[in-house]
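As structure tokens, the structure follows; a few thoughts come after it.
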Amino acid sequence: MPLLLGATACAHDEAVRLQTQFEQGLAAQASATEALRSWCDLRGLATPARMTARLVRGADVPPPANIQQLLGVSAGDPLTYRHVQLMCGDRLLSQAHNWYVPSRLSAQMNQQLAQTDIPFGKVISSIGFSRHPVASTRGRDPACPAGTILANRAVLKNPDGRGLAMVVECYTTANLR
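Residue numbers (this note's numbering): 59 to 235.
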């Protein structure tokens, strides 16, 4: 029995180490999409390690209650919602709920976000945005599906500090396999 307990403890320690490494990789990047691409490449999850965002159409998720404050917009300013599944190859690595301020993006960016599978961070990369963490939870956030291993909430800001988007990212167990 002690041998079995030792093996279980080692497997648990390895899982914790792997998740910590994953979380550190996410924290080191302004773009979650780029962090996931790097992780996919590092772990050999797909060849090539190319990220795509599969648009999820249907019922919009209501924005967080404090979104106007976080983005620096008034209650009358329109927000657009985008829900995507971020894929590396055929692996679903993350689901992202994104509420953004279309008036702070170019017409071309808004068109790409509405009509393509290009990830949000890639579409707005020319802005030189920064990422400002709001909360991080190991496990499930209320906006995330079952099986979520990590949920991050962040605000993306342009270089002058105005909010561009609020994102809730739900990372799946596929990241740790």
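Every residue, glycine too, gets a C-beta built ideally from N, C-alpha and C.
- Task: Decide if Val226 is buried, meaning its Cβ has at least 16 other Cβ atoms within 10 Å, or exposed.
- Result: Counting from one through the sequence shown, the residue named residue 226 turns up at place 168. The residue in question, Val226, is buried, as its Cβ has 16 or more Cβ neighbours within 10 Å.
- Query: Mapping DSSP to helix, strand and coil, what is Thr105?
  - Reply: Within the sequence shown, residue 105 is the residue found at index 47, counting from 1. Coil.
- Output the distance between the C-alpha atoms of Leu208 and Ala223, rounded to the nearest integer angstrom. As a position in the sequence shown, residue 208 is number 150, starting the count at 1. As a position in the sequence shown, residue 223 is number 165, starting the count at 1. Taking the straight line from one Cα to the other gives about 20 Å.
- Coarse secondary structure for Cys68, derived from DSSP in three states: Along the sequence shown, one-based indexing puts residue 68 at 10. For Cys68, the secondary structure class from DSSP, reduced to helix, strand or coil, is helix.
- Between the region 143-151 and the region 124-134, are three or more C-beta pairs nearer than 8 Å? Not touching, per the Cβ criterion.
- Message: For Arg211, which residues in the same chain have their Cβ closer than 6 Å to its Cβ, ignoring the five residues on either side in sequence?
- Response: By one-based count along the sequence shown, residue 211 stands at place 153. Answer for Arg211: Val192, Ala193 and Val226, listed in chain order.
- Query: When DSSP labels each residue in this structure, what does Ser188 get in the three-state scheme?
  - Reply: Translated into positions along the sequence shown, residue 188 becomes position 130. Look at Ser188 here: in three-state DSSP terms it is strand.
- Through-space distance from Gly179 to Ser188, alpha-carbon basis: Translated into positions along the sequence shown, residue 188 becomes position 130. Translated into positions along the sequence shown, residue 179 becomes position 121. Inter-residue distance for Ser188 and Gly179 is about 10 Å (C-alpha atoms, whole angstroms).
- Given a cut-off of 8 Å, decide if Ala93 and Ala86 are closer than it, judged by their beta-carbon atoms. In the sequence shown, counting from the first residue as 1, residue 86 sits at position 28. In the sequence shown, counting from the first residue as 1, residue 93 sits at position 35. Their beta carbons are under 8 Å apart, which means Ala86 touches Ala93 by this criterion.
- Could you pull the start and end residues of the beta strand (DSSP E) that Val213 belongs to? On the sequence shown, residue 213 is found 155 positions in, with the first residue counted as 1. Residues Thr206 to Lys215.
- For Met145, write down the residues that DSSP places opposite it in a beta bridge. The residue labelled residue 145 in the question sits at position 87 within the sequence shown. DSSP, once it has assigned bridges, lists Thr110 and Leu150 as partnering Met145.
- Item | Top-ranked residue by Cα proximity to Ala201, from Ala133, Ala69, Ser132 and His155 | In the sequence shown, counting from the first residue as 1, residue 201 sits at position 143. That would be His155, whose Cα lies nearest to the Cα of Ala201.
- Item | Residue from Leu150, Glu81 and Glu72 with nearest C-alpha to Leu113 | Here residue 113 is taken as the residue at index 55 of the sequence shown, counted from 1. Among Leu150, Glu81 and Glu72, the Cα nearest to that of Leu113 is on Leu150.
- Message: Mapping the DSSP letters down to three states, classify Ala88 as helix, strand or coil.
- Response: For this step, residue 88 is matched to residue 30 along the sequence shown. DSSP places Ala88 outside both helix and strand once states are collapsed to three, so it counts as coil.
- Counterpart residues of Val226 in DSSP-defined beta bridges: Start at 1 with the first residue of the sequence shown, and residue 226 comes out as number 168. Beta-bridge analysis with DSSP links Val226 to His155 and Arg211.
- Cβ neighbours of Asn216 in the same chain (closer than 7 Å, five flanking residues each side left out): As a first step, residue 216 is located in the sequence shown; it is residue number 158 there, counting from the start. Setting aside the 5 residues that flank it on each side, Asn216 is surrounded in the same chain by Arg162, Ile185, Phe187 and Leu222, each with a C-beta closer than 7 Å to its C-beta; the list follows chain order.
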